[in-house]
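Chemist: Got a structure for you, questions after.
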Amino acid sequence: MGGKVKRKYELSKTPYQRLLESGQIRDEVKDELNAIYLSLNPARVKRNIDAKLDKLYETYAGKDKTRQVNPHKRLSPRSVTFYMIQRSSVGLPT
């Protein structure tokens, strides 16, 4: 007791690498996954995501402009009434 525990970690791997090393998938599936992996382009994916985010922000900004409040419109005040005196008692039936 009281000794120091030294932890030993594996090298970091992607889920793709762990799946290929697991041996739980067939060779045909490995070949398909490898083809997909090699066709990926992170820079293109980032540009695609950024373009879609820009479009989303533009759409939101356009929507926000349509909801302008007319300052000359008369608003009716809202009122809330609490009935403190007429509160029913809570308890077991007698």
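Residue numbers (this note's numbering): 3 to 96.
Backbone N, C-alpha and C fix where the C-beta goes; we use that ideal spot for every residue, glycine too.
Here the structure is a predicted model, which is why all the values come from computation and not from measurement.
1. Can you tell me where the alpha helix (DSSP H) holding residue 11 begins and where it ends?
2. Within this structure, are the beta carbons of residue 35 and residue 18 separated by less than 8 Å?
3. Among residues of its own chain, excluding the 5 on either side of residue 32, which ones have a beta-carbon nearer than 8 Å to its beta-carbon?
4. Using three-state DSSP, classify residue 27 as helix, strand or coil.
5. Under 8 Å Cβ to Cβ from residue 27, same chain only, skipping five residues before and after it: list those, please.
Modeler: This is what the structure holds:
1. By one-based count along the sequence shown, residue 11 stands at place 9. Per DSSP, residue 11 belongs to no alpha helix (DSSP H) and is neither H nor E.
2. For the purposes of this step, residue 35 is identified with residue 33 of the sequence shown, where counting begins at 1. For the purposes of this step, residue 18 is identified with residue 16 of the sequence shown, where counting begins at 1. Contact flag set, yes.
3. What you label residue 32 is simply residue 30 of the sequence shown in a count that begins at 1. Contacts found: 22.
4. In the sequence shown, residue 27 corresponds to position 25, counting from 1. Three-state DSSP puts residue 27 in coil, outside helix and strand.
5. For the purposes of this step, residue 27 is identified with residue 25 of the sequence shown, where counting begins at 1. Correct list, in chain order: 21, 35.
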